[in-house]
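J.: The sequence shown begins at 503 in my numbering and counts up one residue at a time.
The beta carbon of each residue, even a glycine, is placed where N, CA and C say it ideally should be.
Have a look at this one before I ask anything.
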Amino acid sequence: MSNRITVGLDGSDTDATAANWAAREAELRGAALELLHAEDWPQYAPLAAPLPESRRQWAEDLLAKARNRLLRDHPGLDIRTRRIEGLAAGAALASAAADADLLVLGSRGLGSVAGFLVGSTGADTIPQTETPVVLVHATDTPDLPAASNSGDGPVVLGLDLHSNCDRLLGFACQEAERRACPLIVVHAWSPPPILSYAPALDPGIQTEIAHGLETSLRELLNPWEQKYPQLAVEARTVIGQPAIQILYAASDAALVVVGRRIRHAALGTHIGPITHAVMHHATSPVAVVAHA
503 MSNRITVGLD
513 GSDTDATAAN
523 WAAREAELRG
533 AALELLHAED
543 WPQYAPLAAP
553 LPESRRQWAE
563 DLLAKARNRL
573 LRDHPGLDIR
583 TRRIEGLAAG
593 AALASAAADA
603 DLLVLGSRGL
613 GSVAGFLVGS
623 TGADTIPQTE
633 TPVVLVHATD
643 TPDLPAASNS
653 GDGPVVLGLD
663 LHSNCDRLLG
673 FACQEAERRA
683 CPLIVVHAWS
693 PPPILSYAPA
703 LDPGIQTEIA
713 HGLETSLREL
723 LNPWEQKYPQ
733 LAVEARTVIG
743 QPAIQILYAA
753 SDAALVVVGR
763 RIRHAALGTH
773 IGPITHAVMH
783 HATSPVAVVA
793 HA
């Protein structure tokens, strides 16, 4: 890795929130901060696209203003700028951030019911990169709280015990350790339909399943607790829909961590439904970590 945090800027009202979060993350890591703009002008549009010279100047001004603003608040931070050209901004961002430690993108608030809009660039970028991506939510609507950027609150990790969890756990533990905050690990499960009749036959069967899952989660976390002895880790196995339980646990989180399984299917890559729901409804920054 390059010890670099990359944040994508597109000139929208989410830029400042994402850049501020990325700057604080870079300071926590002792890393450089790269401000990146990927041009994504349509080939065909109702209005003519700006001339290349105008596009370049606009992008350079965008990056320069963002850099100057951040340097006022973070004078000791190594801040670099880069502009890349290409029609597919998602692919361009994924390629440019391939050797970064983290890619940070902004998303816009829609309201307490609709949640947040993860724009097409973010939705396109996440499945194309194995670099962890953090979505930082900005909102100017009165019924949505501002994204948590202060670092207060725990790091919350949504975990599937049936997946390869090492990369997710490593990322979440490091983030919690940097912030000196607790790590809450959530595994949610729903009893299979056949067990809807089981309590009448065996009242203890659901408790037995829950105990088995708790034991498995504790065994999974044990080596990580030994690796990070100063870290306070809370393990939760709860009954319910995973996305809802993760969102409930993450209501005051400094960061929510969820996974995306790396797939190379014939019909392309995609983001799983649980991660998709957390991305669109969590008010805290959401880290999407690709794993095998």
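1. Determine which residues share a DSSP beta bridge with W523 and list them.
2. Helix, strand or coil: how does DSSP classify A648 here?
3. Considering only their Cβ atoms, is the gap separating V606 from L685 smaller than 8 Å?
4. Please report the distance separating the alpha-carbon of A566 from that of I628.
5. Over what stretch of residues does the beta strand (DSSP E) that includes E536 continue unbroken?
6. Is A591 helix, strand or coil by DSSP?
7. Since L535 contacts D563 with CB under 8 Å, what's their CB separation in whole angstroms?
8. Within a Cβ cutoff of 6 Å, which residues of the same chain sit near E679, ignoring the five residues on either side of it in sequence?
9. If you draw a straight line from the alpha carbon of Y546 to that of W560, how long is it in whole angstroms?
10. Is DSSP giving T627 helix, strand or coil here?
11. Please classify D601 as buried or exposed, where buried requires at least 16 other C-beta atoms within 10 Å of its C-beta.
12. In this structure, does DSSP put P775 in helix, strand or coil?
13. Alpha carbons only, please: which of V657, L719, E529 is nearest the one belonging to F673?
14. State the beta-bridge partners of T739 as determined by DSSP.
15. Thinking just about the alpha-carbon of each residue, which of E541, I748, R569 is nearest to the one in S556?
16. Tell me, which residues are paired with T709 by DSSP?
17. In whole angstroms, what separates the C-alpha of A737 from that of R762?
18. Can you look up A792 in the DSSP assignment and give me helix, strand or coil?
T.: This is what the structure gives:
1. Paired residues: none, contrary to the question.
2. With a pLDDT of only 46 at A648, under 50, the local geometry of the prediction cannot be trusted, and the value read off the model is given with reservation. Coil.
3. For the 8 Å CB-CB criterion, L685 and V606 do not form a contact.
4. Per the coordinates, the alpha-carbon of A566 lies some 26 Å from the alpha-carbon of I628.
5. Residue range 534 to 540 is occupied by the beta strand (DSSP E) that includes E536.
6. Of the three classes helix, strand and coil, the one that applies to A591 here is helix, per DSSP.
7. That pair is no contact at about 19 Å.
8. Excluding positions up to five away in sequence, the list reads Y730, L733.
9. Bear in mind that a pLDDT of 48 at Y546, under 50, signals an unreliable position, so the number given afterwards is only what the model happens to contain. Spanning the two alpha carbons is a distance of roughly 20 Å.
10. Reduced to three states, the DSSP call for T627 is helix.
11. When all chains shown are included, D601 counts as exposed.
12. Assigned with DSSP and collapsed to three states, P775 falls in helix.
13. Comparing Cα positions, the closest option is V657.
14. Under DSSP, T739 forms a beta bridge with H689.
15. Taking the Cα of S556 as reference, the smallest distance to any Cα among E541, I748, R569 is reached at E541.
16. Under DSSP, no beta-bridge partner is assigned to T709.
17. Spanning the two alpha carbons is a distance of roughly 21 Å.
18. Assignment of A792 by DSSP, reduced to helix, strand and coil, places it in the strand class.
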